[in-house]
Every structure is written in structure tokens, then in C-alpha cells.
Amino acid sequence: MNVPELILEDVSMIWDGAPHCAFTDLARYKAKWYCAFREGKAHAWCPGKIRVLASTDGEKWETAFVLSARSTDYRDPKLAPGPGGSLELVVGVTRLKGGRPEGRHSAALRTFDGVSWSTPAQIGGEGDWIWRTERNGGETWGISYRLPGKRRWTVHLMRSADGRAWSDHVRLKVPGLPNEATVRFCGEAAIALVRREAKGGEAWIGKSGSPFLEWEWTGCGERVGGPNFLIAPPGTLYAERTPDDAVQPEPEMIAATRLWNGRTPRTSVCLMRAGKLFSLLDLPSEGDCGYPGMVLHRGKLWVSYYSSHEGRARIYLARVKIRKARRP
Numbered sequence: 000m001n002v003p004e005l006i007l008e009d010v011s012m013i014w015d016g017a018p019h020c021a022f023t024d025l026a027r028y029k030a031k032w033y034c035a036f037r038e039g040k041a042h043a044w045c046p047g048k049i050r051v052l053a054s055t056d057g058e059k060w061e062t063a064f065v066l067s068a069r070s071t072d073y074r075d076p077k078l079a080p081g082p083g084g085s086l087e088l089v090v091g092v093t094r095l096k097g098g099r100p101e102g103r104h105s106a107a108l109r110t111f112d113g114v115s116w117s118t119p120a121q122i123g124g125e126g127d128w129i130w131r132t133e134r135n136g137g138e139t140w141g142i143s144y145r146l147p148g149k150r151r152w153t154v155h156l157m158r159s160a161d162g163r164a165w166s167d168h169v170r171l172k173v174p175g176l177p178n179e180a181t182v183r184f185c186g187e188a189a190i191a192l193v194r195r196e197a198k199g200g201e202a203w204i205g206k207s208g209s210p211f212l213e214w215e216w217t218g219c220g221e222r223v224g225g226p227n228f229l230i231a232p233p234g235t236l237y238a239e240r241t242p243d244d245a246v247q248p249e250p251e252m253i254a255a256t257r258l259w260n261g262r263t264p265r266t267s268v269c270l271m272r273a274g275k276l277f278s279l280l281d282l283p284s285e286g287d288c289g290y291p292g293m294v295l296h297r298g299k300l301w302v303s304y305y306s307s308h309e310g311r312a313r314i315y316l317a318r319v320k321i322r323k324a325r326r327p
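With numbering that gives the first Met the number 0, letter number 11 in the sequence shown gets 10, and the count goes up by one each step, no holes.
Following this line, the structure appears as C-alpha cells:
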């Protein structure tokens, strides 16, 4: 199988201002870079705040915004285009009592300049954890995972016309304690990557056509953490098609996530193709790590992630060159 070659050009640690820094996302908005992540004393079971860094060149970073509240663990920040040309920050909110979780929901904030941010507004219902949002057809979409029982977790494709009032579109038929999930759209198709905890922990990749009610699922061959993927413009990973090509290829997709499969956990960039993940490049990482953000910019892949390979969990930024493969 022909696969593109990924070459690590540069990686740098951009933040270590707390005992545990983790769960990143990356965005480019109005000619600036933004990296969001959680800070806390530990991985979980403690208050957490969200820090958003900004940079004009991807090298020098400064704090643009900090979200925190008493007895609250803000987690899993995601940056994405919002309504009206805004940049939206979606976070998970765990309310703590005596150091234990008392309830949870998702919340969203917006900015139009990267400096002034709106007040967090709850999105979805109590118990919804909308992992990542995506704009499609003038609406905002996302997959929420819910925990109705100790051994009964469910995932739901949700949608919103204004990014504030959300409703269920369809429950996704994914067994095995599904949770963190990313959904992307390409024309009339939707594609999802869903983490699963039970039954070996193999993540599932799903595909659906409009109106996104019926889904086909396959095991991707990998156990993942913090699943993320992008649908790249044609010609990013493979040489351009020629007029003689008779078969329409599937979208070019690149994923980044934490991988296990019998090895020390590491953050890996993967080719996502034919319902499988194929690891192409392991970023410098080990142990408590992963949860990457990705942006394709000027032919290169920028990846934010966290890792504890140099001690405590810190935030890193990698720049990756893509050497195209021949069209299969």
C-alpha cells in the first residue's frame, strides 16, 4: 500500500506552567495561532482550568485567555469555527464536591478577536459531553458521550443551528463503552472516529451519507485516546488525480491520537484509510500523553499535544512535513 511519508521538522515544548498540562487543541484564526489545554494538579479528580495561548509565528506564545471557577474541573477544550465568523471554545465542565465529581455538562465560549471571550454558556443537557464540534451546512455538529450507567455508555450525534440550543440527531449504535469522538464532513458524507473502552478497546470508524441517520462501522485496528482527524484537501497526501483516473478515491484523511496496542503509550500521526488507522509517525512522547490538535497550514501539518516523556505532563508543538505518495 502506498502511504505518504511524514517527516518531523521541529518539535518544541511551549508550556509547562502547572503540575499537569494536558488535553490540547490547536486552531489558526485571523492570522494567529491558538492552542488550548487544561491545567491542574493532576490528570483528574481536581480543579482544572483552561488556558488559551496565542502566537503570530508558532514560536513565541503568550496567554490570551484563562477559564477557571471554584470547585470546577474544566476539561477537554476544543477550538473550532463558530457561528458568524467567531472562534468557538467548547469545554467539558465537571462540578466537584469534596474532590469527587457531582455532575457534568458541556459549555461554549466565543471570541471575534482572540482577546475578549464570552461567558461560558451550557450546551446540551446535563450529562452531555460534546467532545468536538464541526460546522456543516450552516449548523454546528458534534458527538456527545453520556454515562447513563456504570457499564452503559452511549454516543449521540447532535446538532445546533446557533451553537447554543442543541438537540439529538441520532444515537450512534456503537457498543463497548464508547466515549471520545470526532466527526467530520466531506460533501454529503460524514465520518466519525470513536474511542471504545470495552471489548479490547479497539476504536471504531463510522461512515454515513446525508441525512446521517444510518451508519456503517468498522474496527480501526487500534486502541486510541483523544481521537482527532482531518479531511485534507485533495492532493495533500497523494499525488493529484489525472483525468484518466476512473475510480473516485475516498477523502484523504490524517489522524492523530494516543496509541497503545501492547507498547508504551505514545502520540502518533496516522493515515486514516479504508476504515483503518496506519501509524506513520510517532511524535516524541511517552506514558501520559496524546490528545492532539491539528492544523494543515501551507502544506505542513502542525500538531499540538501533551506528553510526560520529559517528566511531568507538558504541552508540545510539532511541525511535520508531508511527502506525498503515489495515488493508489
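Glycine included, C-beta positions come from ideal geometry on N, C-alpha and C.
Boundaries (first-last residue) of the beta strand (DSSP E) holding residue i
| i | result |
| --- | --- |
| Pro-3 | No beta strand (DSSP E) holds Pro-3; DSSP gives it neither H nor E. |
| Ser-306 | 299–306 |
| Val-182 | 177–185 |
| Trp-165 | 165–171 |
| Trp-130 | 128–135 |
| Tyr-237 | Segment: none, Tyr-237 is in no beta strand (DSSP E) and carries neither H nor E. |
| Trp-152 | 151–159 |
| Thr-26 | A small correction: the amino acid at residue 26 is Ala; Thr does not occupy that position in the sequence shown. It spans 19–28 - the beta strand (DSSP E) in which Ala-26 sits, taken as one unbroken run. |
| Glu-251 | 251–258 |
| Ser-267 | 265–272 |
Per-residue DSSP class, three states only, for residue i
| i | result |
| --- | --- |
| Gly-199 | helix |
| Gly-81 | coil |
| Trp-60 | coil |
| Pro-226 | strand |
| Asp-287 | coil |
| Phe-211 | coil |
| Gly-310 | coil |
| Ser-143 | strand |
| Thr-71 | strand |
| Ser-11 | strand |
| Ser-115 | coil |
| Glu-357 | Nothing can be reported for residue 357, as the shown portion of the chain is limited to 0 through 327. |
| Gly-328 | Not covered by the structure: residue 328. The range shown for the chain is 0 to 327. |
| Pro-248 | coil |
| Pro-174 | coil |
Per DSSP, cross-strand counterpart(s) of residue i
| i | result |
| --- | --- |
| Val-90 | Ala-106 |
| Ala-120 | Ala-107 |
| Ile-49 | Arg-37 and Leu-66 |
| Lys-320 | Ile-6 and Lys-299 |
| Val-193 | Ala-180 and Trp-203 |
| Pro-100 | Leu-95 |
| Leu-282 | According to DSSP, Leu-282 bridges with nothing at all. |
| Trp-216 | Gly-205 |
| Ala-43 | According to DSSP, which records beta bridges pairwise, Ala-43 is partnered with nothing at all. |
| Gly-292 | Ser-303 |
| Glu-138 | Asn-135 |
Beta-carbon separation (whole angstroms), residue i vs residue j, contact threshold 8 angstroms
| i | j | result |
| --- | --- | --- |
| Ala-21 | Pro-76 | 10 angstroms between Cβ atoms; not a contact. |
| Leu-176 | Ala-197 | 4 angstroms |
| Ala-107 | Glu-87 | 6 angstroms |
| Leu-280 | Leu-7 | 6 angstroms |
| Glu-38 | Lys-29 | With a Cβ gap of about 25 angstroms, Glu-38 and Lys-29 do not count as contacting. |
| Tyr-33 | Val-51 | 6 angstroms |
| Leu-355 | Val-268 | In the structure displayed, the chain extends from 0 to 327; residue 355 sits before or after that span and is not available. |
| Val-154 | Val-193 | 6 angstroms |
| Phe-184 | Trp-116 | Not a contact, Cβ separation roughly 26 angstroms. |
| Ser-306 | Ser-284 | 4 angstroms |
| Phe-228 | Thr-181 | 6 angstroms |
Short CB-CB distance (under 7 angstroms) between residue i and chain C
| i | result |
| --- | --- |
| Tyr-33 | The structure shown has no chain C; it contains just one protein chain. |
Given 8 angstroms, three or more beta-carbon pairs between the region 61–76 and the region 91–101: yes
Evaluate contact between the region 248–264 and the region 215–229, counting only Cβ atoms and requiring at least three cross-stretch pairs below 8 angstroms. yes
For the 8 angstroms Cβ check, are there 3 or more pairs between the region 213–222 and the region 189–205? yes
Are the region 6–19 and the region 303–313 touching by the rule of at least three beta carbon pairs closer than 8 angstroms? yes
Cβ contact (3+ pairs, closer than 8 angstroms) linking the region 269–276 and the region 291–303: no
Whether or not the region 139–153 and the region 117–131 are in contact is what I'm after, with contact meaning three or more pairs of Cβ atoms, one per stretch, closer than 8 angstroms; do they touch? yes
Could you tell me whether the region 56–64 touches the region 78–86, where touching means 3 or more Cβ pairs closer than 8 angstroms? no
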